[in-house]
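Structure first, then comments.
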Ligand code: 2AM
């Protein structure tokens, strides 16, 4: 007899879906699963005997196996597949049933689906899920968006399956509509930044003649300190990995062409739309783009000259400097990402709790890190904090590390080593802390060619002036 009162249903048995199902089932919930290709469902259920799993061959069977209100999570490919599956589900669901999209959907798609399903009397949650395969199985960070009343219904399941840090589940109600998927998008943008910053540290160490094992040891040591994070930890392990075929460090054999699935680019587009500077994430996305142009780079490498790299380092001193450059740049990257979230929160009236978001990112997700506690503390001290860099802890940190940071960027520039994310972060820091920027000249230029007018430092704000500039004779 198929079940009729399972607690939870999941559609889409790719890697994330399978692992989430095993996670939910392991917390004592009865789970129904469905996949477009039925062989995948059958094979998955057969591989996991002894779990409270029901593999439905058809969608009607799947829906009939669930207790009301039904809780159906979609883990299908982001984009049109989500709409296709919703269309198929609609005739089978009843008012009050809950559809959760756990994929990496664009938040504007989530807003559209929220309005669509709500209009039909259904309830919709757009939930960002981060943690990769292992996170999905053992406990991801979950960023659910939707009505608070629907969150209340889903809360026991989400809190049971989420990662825990100090006993606190890494899930919180993010806000209405698309807020959850939006915050997941920013998480991914920040992840791009973190990864690129680590790669720039690696580039410097490589140029300074460190072996892969030496670098692995450095990252391992960093992982025991303030920089402790999942990405630093896996970097240490990746650098230590030897190729089974050749015995060489595996990283040396991996092609330097980075892939990307689009969430970083979405973050850039959103920042541009809202006139928020996220130059570190921008640099990280663009670094991936340039890396992918391998053939052009190889051709250009024989044409365009740079200096002969000569770092002649005192290795321990370089490690200390790069540590600080990485930490300071990371703080800037988070300050930018948080600034973008704050801006969107105001614009969309999402009332995002930035401290709580940093708290749920401490576990499960790819950017999980010790220093996120400090961000939570900063917002606890000042919920209206305008920029993370101005919180006392981070202000002191930046003031303390800036000399090392500058030394690293200067060293890289002198040696022709591209450090786009380190230098973009530093330029942001220097611009942000400048009481006066050269934009006075820029305003003069604008007024010169376009009569755009300017304000004066010696006159009240809001008074606009125009000058009759001399004629240009060419
Ligand atoms: P499949 O095994 O039948 O390909 C990730 O691609 C997951 O999304 C897979 O479980 C895949 O099912 C599912 N998926 C992709 N496109 C889909 C669609 N149009 N309808 C239903 N499921 C889809």
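In my numbering, the protein residues as written are 25 to 498.
Every residue gets a Cβ at the ideal spot worked out from N, C-alpha and C, and that includes glycine.
Neighbourhood of residue i by C-beta, 7 Å cutoff - its chain only, sequence neighbours within 5 removed
i: residue 260; result: 240, 243, 244 and 247
i: residue 28; result: 88 and 89
i: residue 66; result: 79
i: residue 41; result: 34 and 99
i: residue 91; result: 29, 30 and 31
i: residue 348; result: 425, 428 and 429
i: residue 397; result: 386
i: residue 257; result: 247
Contact check, residue i vs residue j, beta carbons under 8 Å
i: residue 273; j: residue 281; result: no
i: residue 438; j: residue 331; result: yes
i: residue 87; j: residue 94; result: yes
i: residue 171; j: residue 374; result: no
i: residue 410; j: residue 333; result: no
i: residue 181; j: residue 68; result: no
i: residue 224; j: residue 394; result: no
i: residue 208; j: residue 387; result: no
i: residue 227; j: residue 441; result: yes
i: residue 51; j: residue 184; result: yes
i: residue 499; j: residue 353; result: This structure cannot settle anything about residue 499, because the visible part of the chain is limited to 25 through 498.
i: residue 305; j: residue 217; result: yes
i: residue 412; j: residue 362; result: yes
i: residue 405; j: residue 415; result: yes
i: residue 452; j: residue 301; result: yes
Contacting residues, own chain, Cβ-Cβ under 8 Å from residue i (five flanking each side not counted)
i: residue 298; result: 364, 367, 368 and 371
i: residue 475; result: 490
i: residue 270; result: 277
i: residue 149; result: 122, 123, 124, 125, 168, 169, 170, 174, 175, 178 and 204
i: residue 318; result: 279, 280 and 281
Integer Cβ distance of residue i from residue j, believed to fall under 8 Å
i: residue 43; j: residue 179; result: In fact, because the Cβ distance is near 21 Å, the residues do not count as touching under 8 Å.
i: residue 303; j: residue 220; result: Between residue 220 and residue 303 the Cβ distance is about 12 Å, and since that is not below 8 Å, they are no contact.
i: residue 463; j: residue 307; result: Between residue 307 and residue 463 the Cβ distance is about 22 Å, and since that is not below 8 Å, they are no contact.
i: residue 479; j: residue 487; result: 7 Å
i: residue 151; j: residue 204; result: 5 Å
i: residue 421; j: residue 343; result: Contact doesn't hold; Cβ gap of about 18 Å is too wide.
i: residue 72; j: residue 37; result: In fact, because the Cβ distance is near 11 Å, the residues do not count as touching under 8 Å.
i: residue 403; j: residue 378; result: 5 Å
i: residue 157; j: residue 39; result: 5 Å
i: residue 263; j: residue 275; result: 6 Å
i: residue 222; j: residue 255; result: 6 Å
8 Å Cβ cutoff, residue i in contact with chain C
i: residue 376; result: Chain labels in this structure do not include chain C; a single protein chain is all it has.
Other residues of its chain near residue i: CB distance less than 6 Å, five sequence neighbours each side excluded
i: residue 206; result: 131
i: residue 311; result: 220 and 444
i: residue 215; result: 390 and 391
i: residue 64; result: 37
i: residue 20; result: Here the chain has residues from 25 to 498 only, and residue 20 is not among them.
- Query: If you scan the region 154-206 from start to end, which runs of the alpha helix (DSSP H) of 4 or more residues do you find wholly inside it?
  - Reply: 156-162 and 172-185
- Query: Which ranges would you report for the alpha helix (DSSP H) in the region 66-96 if only whole runs of at least 4 residues count?
  - Reply: 83-88
- Message: For the structure I just gave you, are there three or more beta carbon pairs, one from the region 185-197 and one from the region 158-166, closer than 8 Å?
- Response: yes
- Mind pulling the alpha helix (DSSP H) runs of 4 or more residues that sit fully within the region 215-302? 236-246, 254-264, 274-277 and 287-297
- Between the region 51-70 and the region 81-91, are three or more C-beta pairs nearer than 8 Å? yes
- Message: Quick check for students: name the residue ranges of the alpha helix (DSSP H) that lie wholly in the region 393-418, counting only runs of 4 or more.
- Response: 396-405
- Query: Does the region 116-130 come close enough to the region 138-158 to have 3 or more Cβ pairs within less than 8 Å?
  - Reply: yes
- Item | Secondary structure, beta strand (DSSP E): runs of 3+ residues fully inside the region 28-72 | 32-35 and 55-58
- Report yes or no: do three or more beta-carbon pairs, one from the region 101-114 and one from the region 132-140, lie closer than 8 Å? yes
- Tell me, please, whether the region 286-294 touches the region 426-438 by the rule of three or more beta-carbon pairs shorter than 8 Å. no
- Residue ranges of each beta strand (DSSP E) run of no fewer than 3 residues wholly in the region 89-140, ordered along the chain? 95-98 and 122-125
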